[in-house]
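Chemist: Here's a structure for you.
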Amino acid sequence: MKRWVQTAAITIGAVSLAGCSESVGIEDATSSVAEIENQKDNVIAYINEILAQEEEMLEGFEEDLAENEAELFSAREAQVFANLEERESHLAAINDSAQAMQMENDIIATVLEDGDSEELPMDELEQLNEQTASLHNELNEFVETYGSELQTQDDYFSGLGEDSDFEFLADGIETVNEAQEDVHELLESIHDELLTTEAALEDVEISEEASS
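The sequence shown begins at 44 in this note's numbering and counts up one residue at a time.
In structure tokens form, the structure reads like this:
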């Protein structure tokens, strides 16, 4: 499977947890724009990690089944369980990045509420503010939906240790595949949201350079 999306180079930055102060200015807005860029790139990296792990899960599952040992699943020693934990970790990281992104977006919203500033590209910042909020909502839905899918997979793999007849195996695989199709449709929407966010960030940068 090729990488799902690639825009800017990945820049891992410290998550800013500072809330909006009563007074924010140009430096706050500039810092928030940069941090939204960082967190957007983090989200891309974590989603790519999840998709890579999905490929590895299929390979590991085939190897687990080849062992023909139900105890591997009942004792949670099959490779798929470690894979589930990895994807849960990446999903939690996506959630953290989404929340950090929205906190920075709240700072930009405060700057916009303070009124026009000749030193800031207010129209572009407003567009970025709206787009970041939209991306945040999509990511929240993804975290919730994919978290549910991971639970479905966990239940299925755990059940293999109790009932490994062919019907259960086939039904479970179908359930997992259907859940993945739904999530990947949501990922297509997130892909579009990320591209639009990238464009909004570029507009802010271009406007800042033109006014400097």
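Yeah, the Cβ is synthetic: ideal placement off N, Cα and C, and Gly gets one too.
For residue 114, which of 203, 85, 193 has the nearest alpha-carbon?
Modeler: The residue given as residue 114 occupies position 71 in the sequence shown. The option with the nearest alpha carbon to residue 114 is 203.
Chemist: Does the segment 110–126 come into contact with the segment 162–175, if we say contact requires no fewer than three beta-carbon pairs (one atom in each stretch) closer than 8 Å?
Modeler: No, because fewer than three Cβ pairs between the segment 110–126 and the segment 162–175 fall closer than 8 Å, the two stretches do not touch.
Chemist: Flag this pair as touching only if the segment 177–193 and the segment 95–109 have three or more C-beta atom pairs under 8 Å; answer yes or no.
Modeler: Segments in contact, no.
Chemist: Go through the segment 105–129 residue by residue and report every complete run of the alpha helix (DSSP H) that reaches 4 residues or more, in order.
Modeler: The segment 105–129 contains these whole alpha helix (DSSP H) runs: 113–117.
Chemist: Considering Cα atoms alone, identify which of 87, 78, 77 is closest to residue 236.
Modeler: For the purposes of this step, residue 236 is taken as the residue at position 193 of the sequence shown. Nearest C-alpha to residue 236: 87.
Chemist: Skipping 5 residues on each side, what residues in its chain have a beta carbon closer than 6 Å to that of residue 171?
Modeler: For this step, residue 171 is matched to residue 128 along the sequence shown. If we look at residue 171 and ignore the five residues flanking it on each side, its Cβ neighbours are 243, 247.
Chemist: Which value, in whole angstroms, describes the spacing of the CA atoms of residue 157 and residue 69?
Modeler: Translated into the one-based positions of the sequence shown, residue 157 becomes position 114. Translated into the one-based positions of the sequence shown, residue 69 becomes position 26. So the two alpha carbons sit approximately 11 Å from each other.
Chemist: Ordered along the chain, which non-local residues of its own chain (more than five positions away) have a Cβ less than 7 Å from that of residue 65?
Modeler: Stepping through the sequence shown from its first residue, residue 65 is reached at position 22. Here the model assigns residue 65 a pLDDT of 47, short of 50, so the residue's position is not dependable, and the following value carries that caveat. Excluding sequence neighbours, residue 65 sits near nothing in its chain.
Chemist: I need the DSSP call for residue 68, collapsed to helix, strand or coil.
Modeler: Walking along the sequence shown from the start, residue 68 turns up at place 25. Residue 68 falls in the coil class under three-state DSSP.
Chemist: Do you know offhand how far residue 90's Cα is from residue 146's?
Modeler: The residue given as residue 90 occupies position 47 in the sequence shown. The residue given as residue 146 occupies position 103 in the sequence shown. In a straight line, the C-alpha of residue 90 is about 21 Å away from that of residue 146.
Chemist: What are the boundary residues of the alpha helix (DSSP H) that includes residue 190?
Modeler: Locating residue 190 in the sequence shown gives position 147, where the first residue counts as 1. It spans 165–202 - the alpha helix (DSSP H) in which residue 190 sits, taken as one unbroken run.
Chemist: Pull up the CB-CB distance for residue 148 and residue 79, whole angstroms please, since I reckon it's below 8 Å.
Modeler: As a first step, residue 148 must be located in the sequence shown, where it is residue number 105. As a first step, residue 79 must be located in the sequence shown, where it is residue number 36. Their Cβ separation, rounded to whole angstroms, is 7 Å, which keeps residue 148 and residue 79 in contact under 8 Å.
Chemist: By DSSP, does residue 80 sit in helix, in strand, or in coil?
Modeler: What you label residue 80 is simply residue 37 of the sequence shown in a count that begins at 1. Looking at residue 80 - three-state DSSP - the assignment turns out to be helix.
Chemist: Am I right that residue 218 and residue 199 are in contact with their C-beta atoms under 8 Å? What's the rounded C-beta distance?
Modeler: Taking the sequence shown and counting its residues from 1, one reaches residue 218 at position 175. Taking the sequence shown and counting its residues from 1, one reaches residue 199 at position 156. Indeed, because the Cβ distance is near 7 Å, the residues count as touching under 8 Å.
Chemist: Identify whether residue 157 lies in helix, strand or coil by the three-state DSSP scheme.
Modeler: Translated into the one-based positions of the sequence shown, residue 157 becomes position 114. In the structure shown, residue 157 sits in coil (DSSP, three-state: anything other than H, G, I, E or B).
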